[in-house]
Amino acid sequence: MWGFTVIGMSVQLFSYGVAVLHGFVTGLIMGDVATGLTVGGTLCLMGLGVGGYGGSSVPDYAMGTVVGTVFAIATGGGVEAGLATGIPVATLGTQFDILAKMCGSFFIHKQMDCVEKHQFDKMGIWTHGWNIFRATLYTLPILLVMTVGSGIITTLLANMPVWLTKGLNTAAGMLPAVGFAILMKYLPIREYGVFMIFGFAAASYLGLSMVAISMFAFVAAYMVYKGLEKGNTSAAAANGGNYDE
1 MWGFTVIGMS VQLFSYGVAV LHGFVTGLIM GDVATGLTVG GTLCLMGLGV GGYGGSSVPD
61 YAMGTVVGTV FAIATGGGVE AGLATGIPVA TLGTQFDILA KMCGSFFIHK QMDCVEKHQF
121 DKMGIWTHGW NIFRATLYTL PILLVMTVGS GIITTLLANM PVWLTKGLNT AAGMLPAVGF
181 AILMKYLPIR EYGVFMIFGF AAASYLGLSM VAISMFAFVA AYMVYKGLEK GNTSAAAANG
241 GNYDE
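Take the sequence shown: its position 239, counted from the start at 1, is 239 in full-length UniProt numbering, and no numbers get skipped.
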């Protein structure tokens with residue numbers, strides 16, 4: 001996982017479905033890819049529309065996915081146990097993200113000094129050093145939680161009050177909707193709301209899969225893009241003609 005984290009940070013893999021990728025890799029290691037994808041996908045939905053904009057820190061759902069997947073498979077508690085364990089760990093990851101950003105200022109200043117001195121090879125060393133440091137800081141909490149052992153977590157889950165378990169499961173069901181709502185705030189719903197209605201109807205009433213809906217969405221997006229491109233070309237030609245005259 002440490003190596004996967006380093007590679008992911010180097011190629012900016014973490015910008016796209018990070019929790020799902022971590023769930024897949026963790027499930028592959030644990031021998032249950034389906035559970036890993038389910039836990040990762042659920043936590044990924046919770047993070048839709050939530051980003052560290054402006055340097056802010058948000059729950060680390062990738063970290064929660066790794067821990068949640070391990071305990072979901074190791075304890076035999078299924079996805080419910082994985083979410084009950086992963087959500088608190090993801091919230092705890094916020095504090096580690098703050099610590100990482102505080103330490104990151106040191107690496108940034110070192111890179112800036114190298115740029116001013118035109119020492120670009122040395123700047124690359126500091127860049128990769130930052131990726132290694134952050135990956136280590138990221139995986140250490142996971143290692144510590146794993147060291148505790150599944151026995152303690154099993155006991156904790158067994159003694160957890162029913163109302164708390166139901167509350168966590170309810171929150172797990174609500175948070176994806178909250179993530180979608182936050183995401184919709186950034187989308188041009190007023191202009192293209194008809195496509196959202198079409199996607200909802202296709203999934204709810206026609207029973208189409210996400211792959212099929214995504215294909216229709218791609219066609220619609222391409223047609224809108226070509227229409228806007230044609231309109232911009234016509235406007236540019238008209239303005240150019242007036243300018244020539």
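Ideal placement from N, C-alpha and C gives every residue a C-beta, glycine not left out. Since the structure is predicted, the reported quantities are computational estimates derived from the model, not experimental observations.
Look at the alpha carbon of residue i and the alpha carbon of residue j, and state the distance between them as a whole number of angstroms.
i    : j    : result
V194 : A212 : 18 Å
K230 : V224 : 10 Å
M112 : M123 : 8 Å
V39  : L183 : 20 Å
F198 : L206 : 10 Å
H22  : Y222 : 31 Å
G227 : A220 : 11 Å
M30  : E116 : 47 Å
D121 : L144 : 35 Å
M174 : F180 : 10 Å
A72  : G78  : 5 Å
C44  : V70  : 17 Å
K166 : M215 : 37 Å
M146 : V58  : 23 Å
Considering just the uninterrupted stretch of the alpha helix (DSSP H) at residue i, what are its terminal residues?
i    : result
G36  : 33 to 46
V204 : Residue identity check: residue 204 is Ser in the sequence provided, not Val. Here the alpha helix (DSSP H) through S204 covers 189 to 204.
T69  : 61 to 74
V30  : This sequence places Met at residue 30; Val is not what is there. M30 -> alpha helix (DSSP H) spans 18 to 30.
(request) Inspect the CB distances between the stretch 89 to 99 and the stretch 61 to 70 and report whether three or more fall short of 8 Å. (result) yes
(message) Could you tell me which whole beta strand (DSSP E) segments of length 3 or greater appear in the stretch 99 to 138?
(response) none
(message) Check whether the stretch 94 to 110 and the stretch 123 to 136 are in contact - that is, three or more C-beta pairs closer than 8 Å.
(response) yes
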